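S.K.:
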Amino acid sequence: MTDPAPSRAAGRLAARPSVRPRDLMTDTPDLAGAWRAQVVTLFPGAFPGVLGESLTGRALRDGLWSLRCIDLRAHGIGRHRNVDDTPAGGGPGMVLRPDVMAAAIAEAGEGVRGRMPLVYLSPRGRPFDQATARRFAACDGLTLICGRFEGLDQRVIDGFGIEEVSLGDFVLTGGEIAAQAVLDATIRLRPGLLGNTASAEEESFSDGLLEHPQFTKPAEWEGRPIPPVLLSGNHAEIARWRRAEAERLTRERRPDLWARREGG
Ligand code: SAH
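For the working numbering, add 14 to where a residue sits in the sequence shown, where the first one is 1.
Quick look at the structure:
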């Protein structure tokens, strides 16, 4: 290994033949208007992962957003590039060292401009939701820290004032899947991502309701017809039906969301 700090860049920059290899690895911030995703991870090979497919993949190739992975291992200590150690006070597993993580965060900070929240994916964080996705999409980018093992030394979380975000009340083996979920939900809200911007306005959570059920052809499947109102051509009736279904589903499935609507 000749380069102590390998990192990977993807998107329009990676496709430009004029930049030198070193620039490819550090992702010089000359992508005008691109929303910047940075991910600190022990597994850079997991990115862009599913974000390289479909709408987010095309947007990455078109330069609407950029992706830079910071390899935590490159900041590890000693010949074996150790990144973790045993928990103080005992107990199972390993904890990511604060000095190693701080070095990776410093690398992430190089050349960064604008508003870029620093986020640690953590089951102890505030549950991720559509409002948070909107907040992140309104920033210039996001730096996401993926934990592994028993997680991150608390001092680095406190020292950098890192925001903790959870994907939900369950425990993953690492933050990479959570990071991709957060990035997907955020990037699709960026201008130019969804061809039909109305679909972002009408979908689940945008107005505090779950979305109404969807149907498509055939008109009848296995003895089940599409609700006739949807084929009536009466747009006012259709809108009323959809609204009623959205409210019914939200009341039945998400009393918490429903209560928040009534309260607010
Ligand atoms: N011992 C920790 C869990 C560590 S899981 C605890 O009980 O809180 C290992 C890593 O997976 C975490 O550092 C975090 O980055 C990621 N992770 C696990 N569950 C997650 C969740 N629900 N949301 C976001 N990240 C999660």
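We put the beta carbon where it would ideally sit given N, CA and C, even for glycine. Please read these numbers as outputs of a predicted model, since none were measured by experiment.
1) Note down, in chain order, each residue of its chain lying with its Cβ closer than 7 Å to the Cβ of Ala60, except the 5 sequence neighbours on either side.
2) Count the other C-beta atoms from every protein chain shown that fall within 10 angstroms of the C-beta of Ile171, then say buried if there are 16 or more, exposed otherwise.
3) Phe163 and Asp113 look like a contact to me (Cβ under 8 Å); what is the Cβ gap, rounded to whole Å?
4) Around the Cβ of Thr100, are there at least 16 other Cβ atoms within 10 angstroms (buried) or fewer (exposed)?
5) Taking all protein chains shown into account, do 16 or more other C-beta atoms lie within 10 angstroms of the C-beta of Pro62, making it buried, or fewer, making it exposed?
6) I'd like to confirm something about Val133: is its beta-carbon nearer than 7 Å to some heavy atom of the ligand SAH, or not?
7) Please return the same chain residues whose Cβ sits closer than 8 Å to the Cβ of Ala154, not counting the five positions on each side in sequence.
8) In the DSSP assignment, find the beta strand (DSSP E) that holds Asp85 and state where it starts and stops.
9) Tell me which residue opens and which closes the alpha helix (DSSP H) that Arg140 is part of.
10) Flag this pair as yes or no: are the beta carbons of Pro239 and Ser180 separated by less than 8 Å?
11) Let's see if you can read the secondary structure: which residues bound the beta strand (DSSP E) around Val53?
12) How far does the beta strand (DSSP E) with Gly277 in it reach, from first residue to last?
13) Let's see if you can read the secondary structure: which residues bound the alpha helix (DSSP H) around Gly173?
14) Checking the sheet assignment: what are the DSSP bridge partners for Gly188?
15) Looking only at its own chain, which residues have a Cβ that is under 8 Å from the Cβ of Arg111, when we skip the five neighbours before and after it?
16) In whole angstroms, what separates the C-alpha of Ala122 from that of Leu158?
17) According to DSSP, is Leu69 helix, strand or coil?
18) Check this for me: beta carbons of Trp272 and Thr264, under 8 Å apart or not?
19) Could you pull the DSSP bridge partners for Ile91 from this structure?
20) For His279, which of Leu207, Val243 and Glu261 has the nearest alpha-carbon?
21) I'd like the list of long-range same chain contacts for Arg87, defined as Cβ closer than 7 Å, with 5 residues on each side in sequence excluded.
22) Answer yes or no: the CB of Val185 versus the heavy atoms of the ligand SAH, is any distance below 7 Å?
23) Check whether the Cβ of Cys83 sits closer than 7 Å to any heavy atom of the ligand SAH, and report yes or no.
24) Could you give the DSSP three-state label for Arg238: helix, strand or coil?
25) Does the Cβ-Cβ distance between Glu176 and Leu132 come in under 8 Å?
26) The ligand SAH and Phe163: does any heavy atom of the ligand fall closer than 7 Å to the residue's C-beta?
M.R.: If we stick to the structure as given:
1) Glu190
2) buried
3) Incorrect: roughly 16 Å between the Cβ atoms, too far for contact.
4) exposed
5) buried
6) no
7) Looking at the sequence provided, one finds Asp at residue 154 rather than Ala. Here the set comprises Trp49, Arg50, Arg127, Gly128, Arg129 and Met130.
8) Trp79 to Asp85
9) Per DSSP, Arg140 belongs to no alpha helix (DSSP H); it is in the beta strand (DSSP E), Leu132 to Pro141.
10) no
11) Trp49 to Thr55
12) Careful: Gly277 lies outside any beta strand (DSSP E), inside the alpha helix (DSSP H) at Pro269 to Gly277.
13) Gln168 to Phe174
14) Arg162
15) Ile91, Asn96, Val97, Asp98, Asp99 and Asp167
16) 10 Å
17) helix
18) yes
19) Asn96
20) Examination of residue 279 is not possible in this model, given that the chain is present from 15 through 278 alone.
21) Leu56, Arg95 and Val97
22) yes
23) no
24) strand
25) It should be noted that the sequence gives Ile, not Glu, for residue 176. Yes, the pair counts as a contact, with Cβ atoms nearer than the cut-off.
26) yes
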